[in-house]
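Trainee: I have a structure here, written as structure tokens, and I will follow up with some questions on it.
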Amino acid sequence: MKINVLENSDYKIKFTLEGAGVGFANALRRTMISGVPTMAIDWVDFQFNEGALFDEMLAHRLGLIPLKFDYTKFNMLNECECGGKGCPLCEVVFVINRKGPGAVYSGDMKSTNKEVKPLYDNIPITEIGHEKNVKLEAFAHLGFGKDHAKNQAAIAVCIGYPLIEKDSGISAKQIVDAFPKGVLKLSGTSIEIVDPFKVDEFRDVLDKFKGKAKIKASDSKFAFNVESVCGMRAQDIVLEASKRVGKKAVEFKDLASKL
Ligand SMILES: [Zn+2]
Numbered sequence: 001m002k003i004n005v006l007e008n009s010d011y012k013i014k015f016t017l018e019g020a021g022v023g024f025a026n027a028l029r030r031t032m033i034s035g036v037p038t039m040a041i042d043w044v045d046f047q048f049n050e051g052a053l054f055d056e057m058l059a060h061r062l063g064l065i066p067l068k069f070d071y072t073k074f075n076m077l078n079e080c081e082c083g084g085k086g087c088p089l090c091e092v093v094f095v096i097n098r099k100g101p102g103a104v105y106s107g108d109m110k111s112t113n114k115e116v117k118p119l120y121d122n123i124p125i126t127e128i129g130h131e132k133n134v135k136l137e138a139f140a141h142l143g144f145g146k147d148h149a150k151n152q153a154a155i156a157v158c159i160g161y162p163l164i165e166k167d168s169g170i171s172a173k174q175i176v177d178a179f180p181k182g183v184l185k186l187s188g189t190s191i192e193i194v195d196p197f198k199v200d201e202f203r204d205v206l207d208k209f210k211g212k213a214k215i216k217a218s219d220s221k222f223a224f225n226v227e228s229v230c231g232m233r234a235q236d237i238v239l240e241a242s243k244r245v246g247k248k249a250v251e252f253k254d255l256a257s258k259l
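Structure below.
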């Protein structure tokens, strides 16, 4: 297999994967979305909630706040040595203690672990009036997107790499010119794909060649676009997903060897 990174920033990565099948590429994509554990608030103890939102809604909003965390330092609650009671290895507690008037923001969440905090400080949580209070403790644990959407790790898209086919009567330049600028470029007399996702998006522009030029999707080369929607870096989500797909394959091999 071959990987070529097209773009890589903290929360977004685009790459191509060559020499794999559709099943493997899709298993990776699905694991990036819902099979990588992320940290999210899943329990809230309220002392006072005199704000505009009732308890369930406020707890729901807290659950959706993306948290920055080091995924290598935490255990799943049900796999932790504390037996699921909650300890610094599997749990992070946030405290909100705010007096009104004003809005309560994610920046008001005081973490008991200085390495774990909301990804952004300016996410509005609730609004409290004059002489009203919000005081609560919120507990965050690792969880999977396949169990609850608040733990979704990424938005991951995978497409078959575009293959441009054309009759000999049509020049490479005609094809490149048919697309918006920056999607394709000429490399000598051949066509180079700059952005496979844009080619896919604008595939209709080849309709004007009336079947003499078309785009097919490869079934052995794929383009991935992965955007993190949790506190993990996109590259770490890809790495963790590949480890987990590999682990499943080893588990299956072990089971199959006992048949
Ligand atoms: Zn624990």
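Numbering of the sequence shown is given in the numbering used here, commencing with residue 1 and proceeding in unit increments.
In this text, a Cβ means the ideal position worked out from N, Cα and C, and glycines have one as well.
Mind reading off the beta-carbon distance from M39 to G231? Whole number of angstroms is fine, and I expect it under 8 Å.
Mentor: Indexing the sequence shown from 1 puts residue 39 at position 39. Indexing the sequence shown from 1 puts residue 231 at position 231. Yes, they are in contact, since the Cβ atoms of M39 and G231 sit about 7 Å apart, within 8 Å.
Trainee: Kindly list the residues whose CB is nearer than 7 Å to the CB of Q47, restricted to its own chain and excluding five residues on each side of it in sequence; keep chain order.
Mentor: Counting from 1 along the sequence shown, the entry for residue 47 is found at position 47. Excluding sequence neighbours, Q47 sits near K135, L136.
Trainee: From S9 to E131, what distance separates their C-alpha atoms?
Mentor: Within the sequence shown, residue 9 is the residue found at index 9, counting from 1. Within the sequence shown, residue 131 is the residue found at index 131, counting from 1. Each residue's alpha carbon lies about 44 Å from the other.
Trainee: Between the region 72 to 85 and the region 13 to 27, are three or more C-beta pairs nearer than 8 Å?
Mentor: no
Trainee: Look at the alpha carbon of R244 and the alpha carbon of F209, and state the distance between them as a whole number of angstroms.
Mentor: In the sequence shown, the residue the question calls residue 244 occupies position 244. In the sequence shown, the residue the question calls residue 209 occupies position 209. When rounded, the distance between both Cα atoms is 45 Å.
Trainee: What is the C-beta distance between R98 and V104, in whole angstroms, given that I count them as a contact (C-beta under 8 Å)?
Mentor: The sequence position of residue 98 within the sequence shown is 98, counting from 1. The sequence position of residue 104 within the sequence shown is 104, counting from 1. Yes, they are in contact, since the Cβ atoms of R98 and V104 sit about 5 Å apart, within 8 Å.
Trainee: Which residues in the same chain have their Cβ closer than 6 Å to the Cβ of M76, if we skip the five residues on either side of it in sequence?
Mentor: Residue 76 sits at position 76 when you count from the first residue of the sequence shown. Hits under 6 Å: L142.
Trainee: Are F222 and A156 closer than 8 Å when you measure CB to CB?
Mentor: Locating residue 222 in the sequence shown gives position 222, counting from the first residue. Locating residue 156 in the sequence shown gives position 156, counting from the first residue. No. Outside cutoff.
Trainee: DSSP three-state label for Y71, please.
Mentor: In the sequence shown, the residue the question calls residue 71 occupies position 71. Note: Y71 maps to helix in three-state DSSP.
Trainee: Does K212 come out as helix, strand or coil in the three-state DSSP assignment?
Mentor: The count along the sequence shown starts at 1 and reaches residue 212 at position 212. Three-state result, K212: coil.
Trainee: What residues are listed by DSSP as bridge partners for N97?
Mentor: As a first step, residue 97 must be located in the sequence shown, where it is residue number 97. DSSP lists K135 as partners of N97.
Trainee: Please report the distance separating the alpha-carbon of V36 from that of I175.
Mentor: Here the question's residue 36 lines up with position 36 in the sequence shown. Here the question's residue 175 lines up with position 175 in the sequence shown. The straight-line gap from Cα to Cα measures roughly 40 Å.
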